[in-house]
Each structure stands twice: as C-alpha cells, then as structure tokens.
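I have placed the structure first, in the form of structure tokens, so that the comments after it can refer back to it.
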C-alpha cells in the first residue's frame, strides 16, 4: 500500500513539473504578429477561400509597411550618407501613408492585420543595425532592392488575382509607387558601389 501511495505521489509530482515547465515555456515565446493576424483571418474566412487570399495579401502589405517604416527610421538615424538618409525619410513617409490605406481597406473588409514588426522584420532590422558606415549603406540599398522586388511581385499578383475589387484596385494603383522606390534604390546602390 505504501509503495502504491509513493508511486502515485511520484507520478503526480512528475506531472506537475511537466505542467509547470510547459507553462513557463509558453510565457517566454510571444506569437508573431503576422501569424496572429493570419490565424484570425483564417478563422473568420475559413469557408471563403478568396477572402482568405485577399486577407493574406493585405497582411503581407501591412508587414512590408511596418518593416519599411522601421528600416527607414534606422537609415535616417544611423547613416552618414545624405542620400541614404533622404531615401530613409521617403520610405517612412510613403509607407506610413500606405499603412494607413491598407489599414482602412482591411477595416472595411473586416480583415485583421499585424500591428507590430514581425519576427522576420525584427531579424532584418537586427541584421542591418549591426552594420556601420558604408557597409550599413550598402546593406540598406541591397535590402531595399530585394524587398521592393518582392513587394512589387505581390502587388502584381494581387492586381491580377485578388477577388475583391477594392483590393485589386489598391494593388494595381500602388505598383508604380513601389517601382519608383525600386529604381531609386538601384540608383542609390550604383552610387554606393562607386565608393
């Protein structure tokens, strides 16, 4: 009887330790804001695939805007190159405007968006922030070229494939602006590569 009682206490104790460790593990890891938004949209529009695709596009646009704003601020504060600083300010201004438009569109469509920098955005920011001087400027220009090429592709896809007319219109009207950013970034990179 004593052995049975002792074994029961040991099992109960082990179970409590596992529960405690599991709860500690969950507290330290905060969920990525993009995943939270996507999960919320998926729950809302699970039976309507086309709504889910349109919501994913707007979630991506919100993620891009948040990252570009923070990276633009970093470029303004960290770079010593006036052209990089100017480009950073333009990014903050343009992507703040875009973020406002995306937010209004998402609200009208009842889509949930991330409201803070995602894990990927934080990682990119960290990589850039580790650089200094000309290395910072070149990494910034490379990130802007790569990021804008990907963003333009997403806009082009949504302009063709979005099922919601408002989403499709917003995507198609923003291609030219991002294309101008891309050309500006390429020119900036050319000038930096001469140094």
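Residue numbers (full-length UniProt numbering): 1 to 195.
Backbone N, C-alpha and C fix where the C-beta goes; we use that ideal spot for every residue, glycine too.
Note that the coordinates shown come from a computational prediction; the quantities given were computed from them, not determined experimentally.
Close Cβ partners of residue i (< 8 angstroms) along its chain, the five nearest in sequence each way excluded
| i | result |
| --- | --- |
| residue 96 | 65 and 69 |
| residue 102 | 58, 61, 62, 65, 113 and 170 |
| residue 108 | 166 |
| residue 129 | 74 and 78 |
| residue 180 | none |
| residue 185 | 87, 141, 144, 145 and 148 |
Contacting residues, own chain, Cβ-Cβ under 7 angstroms from residue i (five flanking each side not counted)
| i | result |
| --- | --- |
| residue 149 | 182 |
| residue 60 | 154 |
| residue 24 | In this prediction, residue 24 scores a pLDDT of 46, lower than 50, which makes its location untrustworthy; no coordinate-derived value is stated. |
| residue 127 | none |
| residue 81 | 137 |
| residue 172 | 159 |
Close Cβ partners of residue i (< 6 angstroms) along its chain, the five nearest in sequence each way excluded
| i | result |
| --- | --- |
| residue 192 | 137, 138 and 141 |
| residue 106 | 58 and 113 |
| residue 151 | 64 and 178 |
| residue 131 | 139 |
| residue 98 | 65 |
| residue 88 | 72, 75 and 76 |
| residue 21 | With a pLDDT of 47 at residue 21, under the threshold of 50, the modelled position of that residue is not reliable, and no figure is offered here. |
| residue 190 | none |
| residue 104 | none |
| residue 67 | 121 |
8 angstroms contact criterion, which residue i and residue j should meet: CB distance rounded
| i | j | result |
| --- | --- | --- |
| residue 124 | residue 144 | Their Cβ separation, rounded to whole angstroms, is 11 angstroms, which puts residue 124 and residue 144 out of contact at 8 angstroms. |
| residue 188 | residue 83 | 6 angstroms |
| residue 85 | residue 134 | Going by Cβ atoms, the distance from residue 85 to residue 134 rounds to 14 angstroms, so no, they are not a contact pair. |
| residue 92 | residue 72 | 4 angstroms |
| residue 168 | residue 176 | Residue 168 to residue 176, Cβ: 15 angstroms. No contact. |
| residue 54 | residue 157 | Their Cβ separation, rounded to whole angstroms, is 11 angstroms, which puts residue 54 and residue 157 out of contact at 8 angstroms. |
Check: residue i C-beta below 7 angstroms from any heavy atom of the ligand GTP
| i | result |
| --- | --- |
| residue 193 | As presented, the structure is devoid of all ligands, the ligand GTP included, so that no description of it is given. |
Tell me the start and end of each unbroken alpha helix (DSSP H) in the UniProt domain "DUF4142" (53 to 187) that is at least 4 residues and wholly inside, in chain order.
82 to 109, 119 to 129 and 133 to 161
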